[in-house]
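Taken in order, the sequence shown gives residues 2 to 69; the numbers are from the working numbering. From the three backbone atoms N, C-alpha and C, an ideal C-beta is built for every residue, glycine too. In this text the structure is predicted, and so the values were computed from the model without any measurement.
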Amino acid sequence: MRTCCRCNIKMVEGFDIKVEGGGYGIKISDGTGIFAKRIEKPKVAICPECGEISLYIENIFDAIQCPE
Numbered sequence: 002m003r004t005c006c007r008c009n010i011k012m013v014e015g016f017d018i019k020v021e022g023g024g025y026g027i028k029i030s031d032g033t034g035i036f037a038k039r040i041e042k043p044k045v046a047i048c049p050e051c052g053e054i055s056l057y058i059e060n061i062f063d064a065i066q067c068p069e
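Here it is, written out as structure tokens:
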């Protein structure tokens with residue numbers, strides 16, 4: 002559950018972000034260039050009170066390897 006940092010109420014999760022004019026979204030990658038490892042497609046949470054948005058990675062532990 003994500004909480005709005007402005008209103009302190011529960012945000013509605015699970016939305017996608019798309020680039021207008023294209024049928025594709027955005028992805029987070031580790032590194033640069035065309036061979037960079039794609040980590041995950043970000044999700045969006047929206048505050049129903051003020052419209053604040055929050056981008057998040059749903060399965061962060063599956064998406065990245067934490068340094069030991």
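- Its chain contains 41 as the residues whose beta carbon lies nearer than 8 Å to that of residue 60, once the 5 sequence neighbours on both sides are disregarded; these appear in chain order.
- At the C-beta level, residue 7 and residue 53 come within 8 Å of one another.
- Under the three-state reduction of DSSP output, residue 36 falls in the coil class, being neither helix nor strand.
- Measuring C-alpha to C-alpha distances from residue 14 to each of 22, 20, 5, 21 identifies 5 as the nearest.
- For residue 44, the enclosing beta strand (DSSP E) starts and ends at 44-47.
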